[in-house]
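Some notes on the structure that comes next.
Chains as they are written, first to last, in our numbering: chain A, -4 to 9; chain B, 111 to 367.
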């Protein structure tokens, strides 16, 4: 079914 | 001192219904710009971003920036006690550990106060830079909700493919497969029913339907939904709240293992 990426892999914590 | 008076209390009820299944606890940030929230679901796969601009409120007083932690389920429960046509006022004193929701009925002969405890929430705030998306689809929100609901009875994930001609939603499961194509429309008399495609490059991405179904809880807030996709970014699903702002959902794609 594929791997689910996490949203935190794309956006940096501020 | 914080005092926000919203004539369409029903709108706040819809906003809570649109977020409470995705996020348990979140900080609402109040500033002179508006009332906003950014929160991730517990598995950090999806993110919701809400903005209700101060101009959309009948009265908006926020003396200093405050962040108020709330349990969204509890907040939704309290707001369910307001009538759809009620005027809703949010009030909090500086340093207070609770927030008051005041509901006034349209004839102003019934006034209710509900006080809810605030919570300390240690939340992570993400910086989301503005991005140019390769494909942007605008379509009727109810149609998008219907497609997500229908496809989730067949499979767990949806492949969304955008081309110049239209947008295709495909899924597969144990019982078989399903494909739904929405062609780009060219009508001008009913813009709310249009499917509009702005495409720089064709995009094909796979997403978990469970999350999309949760995002479509925002359908009562807008007639149209905007789906923005790029091959190297989370998708953004935006419901514009007329005269107030938006609720946006970000969802990370699934990739082939």
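Backbone N, C-alpha and C fix where the C-beta goes; we use that ideal spot for every residue, glycine too. Quick caveat, the model's predicted, so the values are computed rather than measured.
Pick helix, strand or coil for residue 164 of chain B, following the three-state DSSP scheme. helix
Going by DSSP, which residues form a beta bridge with residue 169 of chain B? B/115
Let me know if residue 175 of chain B comes out buried or exposed under the rule of 16 or more other beta-carbons within 10 Å of its beta-carbon. exposed
Is it buried or exposed, residue 355 of chain B, if we count other Cβ atoms within 10 angstroms and call 16 or more buried? buried
Any C-beta of chain A within less than 7 Å: which residues of the stretch 315 to 334 of chain B qualify? 316, 318
Rounded to whole angstroms, what's the CA-CA distance from residue 342 of chain B to residue 365 of chain B? Just pull it up for me. 11 Å
Throw me the rounded Cβ distance for the residue 5 of chain A and residue 344 of chain B pair, which I believe falls under 8 Å. 6 Å
Alpha-carbon spacing of residue 198 of chain B relative to residue 168 of chain B, whole angstroms: 10 Å
Compare the C-beta of residue 281 of chain B with all C-beta atoms of chain A and state if any pair is closer than 9 Å. no
Any chain A beta carbon closer than 9 Å to residue 270 of chain B: no
With C-beta atoms as the reference, is residue 158 of chain B less than 9 Å away from residue 248 of chain B? no
When the Cβ atoms of the stretch 249 to 257 of chain B are set against those of the stretch 208 to 226 of chain B, are three or more pairs found closer than 8 Å? no
Coarse secondary structure for residue 226 of chain B, derived from DSSP in three states: strand
Leaving aside the five residues before and after residue 293 of chain B along the sequence, list all residues of the same chain whose C-beta is less than 8 Å from its C-beta, in chain order. 275, 276, 305
Should residue 221 of chain B go down as buried or exposed, given a rule of 16 or more other Cβ atoms within 10 Å for buried? exposed
Pairwise C-alpha distance: residue 228 of chain B and residue 136 of chain B: 10 Å
Write down the C-beta distance between residue 246 of chain B and residue 308 of chain B rounded to the nearest angstrom, noting that I regard them as a contact closer than 8 Å. 4 Å
Report yes or no: do the stretch 232 to 241 of chain B and the stretch 189 to 198 of chain B share at least 3 C-beta pairs separated by less than 8 Å? no
Between residue 267 of chain B and chain A, is any beta-carbon pair separated by less than 9 Å? yes
Could you tell me whether any Cβ in chain A is nearer than 9 Å to the Cβ of residue 347 of chain B? no
Out of B/188, B/171, B/359, which one is the CA nearest neighbour of residue 122 of chain B? B/188
Determine the chain A residues that contact residue 150 of chain B at a beta-carbon separation under 8 Å, and present them in chain order. 2, 3
Can you name the start and end residues of the beta strand (DSSP E) that residue 180 of chain B belongs to? 176 to 181
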